[in-house]
Structure formats: C-alpha cells, structure tokens
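In UniProt numbering, the protein residues as written are 1 to 222. Even glycine gets a Cβ: it sits at the ideal position worked out from N, Cα and C. Only a predicted model underlies this, so the values are computations on that prediction, with no experimental measurement involved. First up is the structure itself, then whatever we jot down about it.
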Ligand SMILES: *[C@@H]1O[C@H](CO)[C@@H](O)[C@H](O)[C@H]1NC(C)=O
C-alpha cells in the first residue's frame, strides 16, 4: 500500500515543485519584505496585522537577554523554556521562524510535548541531554539519542518529544522552529490538567488506570 505522504509527494512531483512547497509550508509565505506585527490592531487575521512599514524600526526585529538563564527552580520538572517568537519580536510575523532557549537543572526534563505548527532543530550549548520523539500510530516508534555539547537533533513537526538533562551540572540548549508561533501542547497538562477536566471515566479507560489514580493525577495538574 502506498502511504498518503508518498501519494502527496508523488502528486507534488507530477503537478510541480512550486505547488509542493506551497502545500507543505508551515506558516504562510510572506508576500512582502516584512509584515511587522501591529500589537494595537483590533483586526483578527491568521497571523497578525502589519504595521505601516514607514514606522517600522530596527527594534521591531530585535530582542536581547537570551544570555540569561531561565529559572528552573520555579516548577517541578526542572526546566525553563524562554521563547523568542512573534510575541517577543514583532518582525517575525509571517516569516515562519522562531527560537527558544531551554535551561535544565540537573536531571530536569522538558516534559513530553508537541508543537502543532513547527519542526524543531535543537543544539546543545552546555551539558548532556537525553532526547527523543515518538512516531505516529500504529508504530509509535521511540527514536532517542544522547546529545553532548555541539550536537544537533531534529524533532519533526507535530510529534511528541522530550529532553532530559542527564549530566551533573546545568544544561542549556537553543532550538529553532519553523513557525512564528509554534504552539506547545504538553501531554500531561493537556490530558490531566484540561480546563475543564476530561471525564475520569474516559481517562481511566484510555490509560488503563483506575478512576482514583486518574483523579489523583488530575489534582496534580490543577
Ligand atoms: C522561567 O524563568 C522565569 C525567570 O527567568 C520565571 O519568571 C518563570 O516563572 C519561569 N517559568 C517556569 C515555568 O518555571
């Protein structure tokens, strides 16, 4: 059987390369040099409304402070993600790219999560990380590797992935993502911390747990 992605690739191949890039792009391609987000516009569009290019300045494309570590002591997982997306740099609007700095305490984790709108490419600046992602059904193949300083790893769009600091000191990673606003769905929070709760009966059956265990998990993610 031909998989649907190979069908798409085949169709793209016979239609034209251009069509293929348009169809598979993550964020929309820009139609002008830039479209700096206008934070004050009340208009809602897919992305953000452009500021008048004449009033755009260098600071619309700039931020600083990524040399400062996020505080990993403020949560139970021992990591902190500093995001540099369109909310921080308005000039990223429509450009399909953003950045994060991830700090890890010893044995800290960036808990299993997915980015609905982006692939991620990560490099380790300091320390040693165990990283991994899981492919979609039915294989659910777990692909994992230990990364040292200077190593680079890719987490394909939409797949559940994680990182753990397995060294004895702090660890730091920088990652690029191909969306101005990749989004994050942290599995534990989305499933057990949904607001309002997903019915404990549903979760008990889905995770093959008893109802009290589900209730206990739900309390932890309130
Ligand atoms: C991340 O660190 C910043 C300060 O660097 C802190 O304000 C924030 O609460 C931390 N976030 C989490 C989720 O721990």
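Under the criterion of beta carbons closer than 8 angstroms, residue 37 and residue 93 qualify as touching, at roughly 4 angstroms. With contacts defined as CB atoms closer than 9 angstroms, residue 123 and residue 173 qualify as a contacting pair.
Counting C-beta atoms within 10 angstroms of its own C-beta, residue 52 has fewer than 16 neighbours from the protein chains shown and is therefore classed as exposed. Under DSSP, the beta-bridge partners assigned to residue 104 are 79 and 171. Around the CB of residue 175, 16 or more other CB atoms lie within 10 Å, so the residue is classed as buried.
Rounded to whole angstroms, the gap between the alpha carbons of residue 101 and residue 81 is 6 angstroms. Residue 147 and residue 138 have their C-alpha atoms some 27 angstroms from each other. Residue 207 counts as exposed, since fewer than 16 other beta carbons sit within 10 angstroms of its beta carbon.
In this structure the stretch 83-97 does not lie against the stretch 143-162, because fewer than three pairs of beta carbons, one per stretch, are closer than 8 angstroms. Not one heavy atom of ligand 1 is found less than 8 angstroms from the C-beta of residue 40. Taking 8 angstroms as the cut-off, the C-beta of residue 118 does not count as close to any heavy atom of ligand 1. Listed in chain order, the non-local C-beta contacts of residue 182 below 8 angstroms within the same chain comprise 85, 98, 115, 116, 117, 118 and 120, local neighbours out to five positions each way being set aside.
In the three-state reduction of the DSSP assignment, residue 193 falls in the coil class, being assigned neither a helical nor a strand state. Shown here, residue 182 sits in coil according to DSSP, grouped into three states, outside any helix or strand. DSSP places residue 58 in the helix class (H, G or I) of the three-state scheme. Within the model, the alpha-carbon separation for residue 129 versus residue 42 is close to 42 angstroms. For residue 213, there is no enclosing beta strand (DSSP E); the enclosing alpha helix (DSSP H) has its first and last residue at 211-220.
Taking the Cβ of residue 72 as the reference point, at least one heavy atom of ligand 1 falls within a distance shorter than 8 angstroms. Going by DSSP, residue 207 is part of the alpha helix (DSSP H) stretching over 200-207.
In this structure, the beta-carbon distance from residue 126 to residue 169 falls below 9 angstroms.
Here residue 71 is exposed, its C-beta having fewer than 16 other C-beta atoms within 10 Å. If you compare the alpha carbons of 88, 197 and 143 with that of residue 64, the shortest gap goes to 88. The continuous stretches of beta strand (DSSP E) do not include residue 26, and DSSP gives it neither H nor E.
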